[in-house]
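**Q**
There are 2 protein chains.
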Amino acid sequence: MPSARISPPEAALRVVYELAVPAGESPEARARAVAIEQTVELGEDGTDPALPERLAGRVVKIEPAGEAVCRATLEYPAAALGADLAQVVNVLFGNVSMQAGVRIAAVEWPAGLLASLGGPRFGIEGLRRLAGDTSGRPGRPLTATALKPLGATPAELAGRAYRLARGGLDIVKDDHGLADQSPAPFGERVRRCQEAIERANAETGGRCLYFPNLTGPPADLPEKVELLRAIGVRGALVAPLLTGLDAVRSLAASSGLALLAHPALAGAFFRPGHGIAPAVLLGEVFRIAGADGVVFPLPGGRFAIPEADTDALCRDLRGPLGDLLPAFPVAGGGVGVERVAPALDRLGPDTILLVGGGLYRDPDLESAARRLVEAARSWRSRTP
Amino acid sequence: MPSARISPPEAALRVVYELAVPAGESPEARARAVAIEQTVELGEDGTDPALPERLAGRVVKIEPAGEAVCRATLEYPAAALGADLAQVVNVLFGNVSMQAGVRIAAVEWPAGLLASLGGPRFGIEGLRRLAGDTSGRPGRPLTATALKPLGATPAELAGRAYRLARGGLDIVKDDHGLADQSPAPFGERVRRCQEAIERANAETGGRCLYFPNLTGPPADLPEKVELLRAIGVRGALVAPLLTGLDAVRSLAASSGLALLAHPALAGAFFRPGHGIAPAVLLGEVFRIAGADGVVFPLPGGRFAIPEADTDALCRDLRGPLGDLLPAFPVAGGGVGVERVAPALDRLGPDTILLVGGGLYRDPDLESAARRLVEAARSWRSRTP
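For the protein sequence lines, the chains are A and B, in the order given. Numbering-wise, the working numbering puts 50 at position 50 of the first sequence, and it's gapless, one number per residue. Numbering-wise, the working numbering puts 1142 at position 142 of the second sequence, and it's gapless, one number per residue.
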């Protein structure tokens, strides 16, 4: 380890856990067990006395938090974390995911770690510029939809993309279920959809962006990125929990594409009493992985995330996080045009409204898209 | 889509879900909603009638399963799944992870899909051969430990690796918390540990294997694999949920290394009533990703997985799964030498016993390792 004189120890990572405390165990012992489990994995009796536990986590604070639950703040030394996001998440929740009643409520990220991990390359302002919005912050809410369904041919999808772009949307993204399936192979699908959207833009003078779903083995991603860039695509949809957090981080760092992150699988972490708070996973970890926007379900749609959690994740996406750029909340999840105004009242203008299935109820997709765009445009922030 | 004449439709993927059924909804409607959510994501009213819902999931069977819960068998067409594991898992659980009360209890995998995804390259017999066990099946139980702790220098870790290998273990794997941290950078650590274990083997005539933890951004993995192969390492530890399922699948296909998969983060999926059964995630998905052995916690240790689930995951790791090779259950999780015999009585000989912290309680690591080896060797299967 470098001496403190040459390289002062970096600030530690602080994590607030809500821990179930079994009968007969003290909150202190439970918190200490988590700190050890997530770092050295050896109790005091298992460490050679000559080998200092330099990288063990330590308990900073313990507060009661309801019956048989405590709120414990733990600190992990920077050197335990290494330089990749997978290892950071491993330290946060790897092994304790398999214990009962461990929930990460909050994380304090050291600025040095954040800087080394990267974060968004476009951020809210960069994504606005791609969409042709130079009105400055807070600017206007952006509009997006999902290109569907799985099973359609590239020509059918391109036809829909054309009509959606004609309607004036800012972003048409692939549905996250469109991967590289036989009815619409990746290469043909993205070429035709990008061409369709550029044609619509040429006709309307608009700046609609097509964001294909970028998935598959990480080794194949560079070739896919090359194709996307060659045909003029400026961004993509990624699923960090499916593709891998560091694979997405590499895409953010080197693809030149703006990234919207899809929360596929994330719900496994959102159970009461065990898991990772949505604000930490979607609002912080996904932003650190390089997402310029993060898709999340608005309450009241088909998904079950409490409103307080979605408020918190919006704060975390946009708020200060070291020197990382802020990222857009992308609010979707079974929301129709009629919910645009109340959603924006709550979320504010730095939001991408993602209306998918809601548009498809109208066989005239162009009109449906236009109604969404108009609903977003006619909304005015109540807080000037 | 290819016509049925040229390419007969492949068998579908069948999934058994346990679904919470909200008051006022029918089990049929709930199951149908999941089938749509995970494929076309459009209700009947949202699909252009000219666009057949060719790839929508469909409900095959529904049974009651307790109060307000049903057991629904769904079928997803092969063409919805594409050719990567991330998309398969996305179809299984991507969006519904964010709904309440959705648990995957079982999966029936089409043989064609399994063949295209790959699976283990060594399997139980291949890993036995690496460890010098040519006694044929069922053969003897193998023994393993974890090299710890995070914070030790490469020299300290190599010293421990040497003593553990001298004790006669089959495998010394890195603790899954050893990544590429400053106290023991990856390159120096693996060189020194591999050298130490080879030195011990030369002295004892043993065949102990060193399996370093292979982690970090997927783009960096090829270089790490090259280093490992250059210094004679034959296998590695991977964490599929951290590194990415398809990144691990690529390693299995092309690294030439045997892979032990660590369940970091997996516990998020193991909550009652919501998630993925341990047997499906660890016993099937991890095996399909290419794990030759899968680490899981034995009941009664520090982790909270029910015994019925660990029995089922052992069956799934070893049992028929298309033409995939069987994989070793690697039983760990706070187990000491004293639990070797009862664990083997339950698990049988096709098992790797992973005793980590339990060995380190003895300052004489070589003796501690030898006691584990002897406990495994003196155990005799009760079922001849």
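Virtual Cβ for every residue (Gly too), placed ideally from N, Cα, C.
Specify the secondary structure class of residue 358 of chain A as computed by DSSP and reduced to three states.
**A** helix
**Q** Nearest CA to the CA of residue 387 of chain A: which residue from A:72, A:75 and A:92?
**A** Residue 387 of chain A is absent from the model: chain A starts at 1 and stops at 384.
**Q** Quick check: the stretch 240-255 of chain A against the stretch 1075-1082 of chain B, are at least 3 beta-carbon pairs closer than 8 Å?
**A** No, because fewer than three Cβ pairs between the stretch 1075-1082 of chain B and the stretch 240-255 of chain A fall closer than 8 Å, the two stretches do not touch.
**Q** Nearest to residue 357 of chain A by CA position, among A:87, A:150 and A:128, is which residue?
**A** A:150
**Q** Using DSSP bridges, identify the partner residues of residue 1073 of chain B.
**A** B:1016 and B:1061
**Q** Determine the contact status of residue 198 of chain A and residue 325 of chain A, defining contact as a CB-CB distance below 9 Å.
**A** no
**Q** Roughly how many angstroms lie between the CA atoms of residue 1050 of chain B and residue 380 of chain A, to the nearest whole one?
**A** For residue 1050 of chain B, the predicted model reports a pLDDT of 46, less than 50, meaning its position is unreliable; a value from the coordinates is still stated below. So the alpha carbons of these two residues sit roughly 38 Å apart.
**Q** Measuring CA to CA, which of A:348, A:108, A:21 and A:160 is closest to residue 363 of chain A?
**A** A:160
**Q** Let me know if residue 6 of chain A comes out buried or exposed under the rule of 16 or more other beta-carbons within 10 Å of its beta-carbon.
**A** With a pLDDT of 32 at residue 6 of chain A, under the threshold of 50, the modelled position of this residue cannot be trusted; read the value that follows with caution. It is exposed - the Cβ of residue 6 of chain A has fewer than 16 other Cβ atoms within 10 Å.
**Q** Decide if residue 112 of chain A is buried, meaning its Cβ has at least 16 other Cβ atoms within 10 Å, or exposed.
**A** exposed
**Q** For residue 987 of chain B, return the contacting residues in chain A, with the cut-off set at a CB-CB distance below 7 Å.
**A** The structure shown does not extend to residue 987 of chain B, since chain B is modelled only from 1001 through 1384, so no value can be given for it.
**Q** Please state whether the Cβ-Cβ distance between residue 1166 of chain B and residue 1203 of chain B is less than 9 Å.
**A** yes
**Q** Quick check: what's the CA-CA separation for residue 1266 of chain B versus residue 1272 of chain B?
**A** 14 Å
**Q** Exposed or buried, which one is residue 1134 of chain B when buried takes at least 16 other CB atoms within 10 Å?
**A** exposed
**Q** Using the Cα positions of residue 366 of chain A and residue 280 of chain A, report the straight-line distance between them to the nearest angstrom.
**A** 37 Å
**Q** Please report how far the alpha carbon of residue 75 of chain A lies from the alpha carbon of residue 56 of chain A, in whole angstroms.
**A** 9 Å
**Q** Taking the alpha helix (DSSP H) that residue 1365 of chain B belongs to, which residues open and close that run?
**A** 1365-1378
**Q** If you draw a straight line from the C-alpha of residue 218 of chain A to the C-alpha of residue 64 of chain A, how long is it?
**A** Linking residue 218 of chain A to residue 64 of chain A through their CA atoms gives a straight-line distance of about 44 Å.
**Q** Of the residues A:37, A:32, A:104 and A:185, which one's Cα is nearest the Cα of residue 282 of chain A?
**A** Measuring from the Cα of residue 282 of chain A, the nearest candidate turns out to be A:104.
**Q** What number of angstroms, rounded off, separates the C-alpha of residue 158 of chain A from the C-alpha of residue 192 of chain A?
**A** 6 Å
**Q** Would residue 144 of chain A and residue 171 of chain A qualify as a contact pair, given that the criterion is a beta-carbon distance under 9 Å?
**A** Contact: yes.
**Q** Going by the beta-carbon positions, is the gap between residue 1349 of chain B and residue 1140 of chain B smaller than 9 Å?
**A** yes
**Q** Apart from the five residues just before and just after residue 119 of chain A, which ones in its own chain have a Cβ nearer than 7 Å to its Cβ?
**A** Sequence-distant partners of residue 119 of chain A (beyond 5 residues in either direction) whose C-beta falls short of 7 Å from its own C-beta, in its chain, are 287, 288, 290, 324 and 325.
**Q** With DSSP collapsed to three states, give me the class of residue 1085 of chain B.
**A** helix
**Q** Rounded to the nearest angstrom, how far is the Cβ of residue 1016 of chain B from that of residue 1058 of chain B, given a contact under 8 Å?
**A** With a Cβ gap of about 14 Å, residue 1016 of chain B and residue 1058 of chain B do not count as contacting.
**Q** By a C-beta neighbour count over all protein chains shown, 10 Å radius and 16 as the cutoff for buried, is residue 1345 of chain B buried or exposed?
**A** exposed
**Q** My guess is that residue 296 of chain A and residue 330 of chain A are in contact by the Cβ rule of under 8 Å, so how many angstroms apart are they, rounded?
**A** 7 Å
**Q** Which residue comes first and which comes last in the beta strand (DSSP E) that contains residue 1142 of chain B?
**A** 1142-1147
**Q** Let's test the definition: count the other Cβ atoms within 10 Å of the Cβ of residue 1230 of chain B and tell me whether it reaches 16, buried, or not, exposed.
**A** exposed
**Q** Compute the Euclidean distance between the alpha carbons of residue 1085 of chain B and residue 102 of chain A, then round it to the nearest angstrom.
**A** 28 Å
**Q** So, with DSSP's three-state summary, where would you put residue 1260 of chain B?
**A** strand
**Q** Note down, in chain order, all residues in the stretch 148-163 of chain A with a beta-carbon under 9 Å from any beta-carbon belonging to chain E.
**A** Structure shown: chain E not included; protein chains present are A and B.
**Q** Verify whether the separation of the beta carbon atoms of residue 1089 of chain B and residue 1285 of chain B is less than 9 Å.
**A** Contact check for residue 1089 of chain B against residue 1285 of chain B passes: the beta carbons are separated by less than 9 Å.
**Q** Taking 9 Å as the CB-CB limit, is residue 297 of chain A close to chain B?
**A** yes
**Q** Does residue 393 of chain A get closer than 9 Å to chain B when you measure Cβ to Cβ?
**A** Any property of residue 393 of chain A remains undetermined from this structure, which presents chain A solely from 1 to 384.
**Q** Please report how far the alpha carbon of residue 66 of chain A lies from the alpha carbon of residue 1236 of chain B, in whole angstroms.
**A** 43 Å
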